[in-house]
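Okay, structure first, notes after.
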Amino acid sequence: MLALEMIARPFLLPRPPRRLAWLPGALLASMLAATAAYGDPATTLARAAQEPRAAPSASRRPPDTPPYGLREDVQAYMRTLSALDPRLDAEWLEATLGQARYLPQVTRLIMPAATPAAKNWQAYRDRFIEPRRIAAGAAFWAEHEQALAAAEQRWGVPAELIVGIVGVETFYGRILGGFRVLDALATLAFDFPSGRSDRSAFFRDELTALLQLARRQGIDPGELRGSYAGAIGWGQFMPSSWTRFGVDFDGDGAVALHRSPLDAIGSVANFLSAHGWQAGLATHLAVEPPDDPAALATLLAPDIRPSFTLAQLQALGARLPQVPAGDLGLLALVQLHNGRDGAPSYVVGTGNFWAVTRYNWSSYYALAVIELGRAVRAQRLLDTAAPGAAPVTTER
3 MLALEMIARP FLLPRPPRRL AWLPGALLAS MLAATAAYGD PATTLARAAQ EPRAAPSASR
63 RPPDTPPYGL REDVQAYMRT LSALDPRLDA EWLEATLGQA RYLPQVTRLI MPAATPAAKN
123 WQAYRDRFIE PRRIAAGAAF WAEHEQALAA AEQRWGVPAE LIVGIVGVET FYGRILGGFR
183 VLDALATLAF DFPSGRSDRS AFFRDELTAL LQLARRQGID PGELRGSYAG AIGWGQFMPS
243 SWTRFGVDFD GDGAVALHRS PLDAIGSVAN FLSAHGWQAG LATHLAVEPP DDPAALATLL
303 APDIRPSFTL AQLQALGARL PQVPAGDLGL LALVQLHNGR DGAPSYVVGT GNFWAVTRYN
363 WSSYYALAVI ELGRAVRAQR LLDTAAPGAA PVTTER
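Start counting the sequence shown at 3; every next residue gets the next number (our numbering).
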């Protein structure tokens, strides 16, 4: 998830209609306060593998419609939630969703690019495996060495992989996202733009997860900031993933992924373990692809999902210079493009490579995470062996 910085414009709310006076007191008070105080969300950030932009016309909702608390569809949603979950009482829901505001920039960012750029692994890699991020990763590792070691011991996930994910996601906490999560999720839940596959149901579920999480942990959802898609904290977890995989790893009695790097470390490791991470298994292997186009097409057909045994890969002409001992399980031939003119790169992904892609369904993302973690580990070894040693090179 690469951070994309944008400057958001203030969203000007319309004058409250007369029927505001008929609303429940809590909702009326929260909306009037928000109308007076709501300002520019300032700097906004998005995931690396999701950097799409689109024209303002991508949204089907004009900017002069009522706040979400006034919408009949939102009121029906609140009634349903209140009936299904006793913790989400009507008054609290009214006060909370009464704060939610439509963000037009969110509907633009969620859209695919009008003219997509050619995929380029080398360019993608260079955005992450670079000196400043490596140095920040080494400092993060030094500061949280005990927690990283404890996570590796408990879940079997190497410290370098956790460090790689946190580095790609948020530059070690420097870029956590500037959108108010409540607004981003409400916008995508109730005003998902036309022009692409409708994912409003997914974001409505994430909004529900956010509300349940906030109620359960006593968090004010209006205070949470994150990505345009609603991802939160050092590890950029969606609310449902926070609920399912979040870990209180600092022992303070709360899972606080928005403010605790230790909780993020444990939660990232728990997430990967829950998605099939196998301790001791390599993530990927070097490979020379088959020369035969038909064999190559056969191996690439399942995309990044492990689908072939080592013997099947080799029978189809894939050549692996080094094969570690032991059972590798099912494997995938992974192709990474290098622009329109460059020759593709290839690796063989194992079940652990697949596990990393469960965090973000992208082979480019997974390999960047892995390579950043390795570069940080190398820098960390230099730092501990000889302080002041030359930084790790980023040359390939």
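Yeah, the Cβ is synthetic: ideal placement off N, Cα and C, and Gly gets one too. Given the structure is predicted, the values throughout are model-derived calculations rather than measurements.
**Request:** For ASP75, count neighbouring C-beta atoms within 10 Å of its own C-beta (all shown protein chains included) and say buried if the count is 16 or more, exposed if not.
**Result:** exposed
**Asked** Can you name, in chain order, every residue of its own chain whose Cβ lies under 7 Å from the Cβ of ALA140, other than the five neighbours on each side?
**Response** VAL378, GLN381, ARG382, ASP385
**Reduced DSSP category for LEU29 - H, G, I as helix; E, B as strand; rest coil** = Unreliable placement is indicated for LEU29, whose pLDDT of 39 sits below 50; the coordinate value is still reported in the next sentence. The answer is helix: DSSP assigns LEU29 an H, G or I state.
**Asked** Once you ignore the five residues that flank PHE273 on each side, which residues in its own chain have a CB closer than 6 Å to its CB?
**Response** PHE247
**Message:** Less than 8 Å between the beta carbons of ALA153 and ALA271, yes or no?
**Reply:** yes
**Request:** Report all residues from its chain with a CB closer than 8 Å to the CB of SER84; omit the five preceding and five following residues, and keep chain order.
**Result:** LEU90, ASP91, ALA92, LEU95
**Message:** My parser needs the alpha helix (DSSP H) runs of 4 or more residues fully inside the stretch 247–298; what are they?
**Reply:** 263–276
**Request:** Kindly indicate which three-state DSSP category VAL108 falls into: helix, strand or coil?
**Result:** helix
**Prompt:** Tell me the DSSP bridge mates of LEU333?
**Reply:** PHE310
**Request:** Would you mind reading off the limits of the alpha helix (DSSP H) that contains PRO133?
**Result:** 133–145
**Prompt:** Does the Cβ of ARG360 lie closer than 7 Å to at least one heavy atom of the ligand SAM?
**Reply:** Within the structure as shown, the ligand SAM is missing, as the structure has no ligands at all.
**Message:** Tell me the DSSP secondary structure of SER229 in three-state form.
**Reply:** coil
**Cβ pair VAL350, ALA334 closer than 8 Å** = yes
**Prompt:** First and last residue of the beta strand (DSSP E) that includes VAL349?
**Reply:** 344–351
**Prompt:** Can you find at least 3 beta carbon pairs, one from the stretch 311–327 and one from the stretch 281–301, that sit closer than 8 Å?
**Reply:** yes
**Asked** In this structure, what does DSSP give as the bridge partners for ILE234?
**Response** GLY228, PHE239
**Message:** Taking its Cβ as the centre, do 16 or more other Cβ atoms sit within 10 Å of GLY71, making it buried, or is it exposed?
**Reply:** buried
**Item:** Same chain, Cβ closer than 7 Å to ALA281, five either side skipped, listed in chain order
**Value:** GLY158
**Message:** If you measure between the beta carbons of ALA179 and GLY237, is that distance less than 8 Å?
**Reply:** Rather than Ala, the amino acid found at residue 179 in this sequence is Gly. No. Outside cutoff.
**Prompt:** Exposed or buried, ASP185, counting other C-beta atoms within 10 Å across all chains shown (16 or more means buried)?
**Reply:** buried
**Prompt:** Do the CB positions of ASN354 and ALA284 come within less than 8 Å of each other?
**Reply:** yes
**Asked** Is DSSP giving LEU383 helix, strand or coil here?
**Response** helix
**Message:** Just to confirm my understanding: we take GLN214, look at its own chain, exclude 5 residues before and 5 after, and list those with CB closer than 6 Å. What are they?
**Reply:** none
**Item:** Short Cβ contact (8 Å threshold) for TRP123 with LEU338
**Value:** yes
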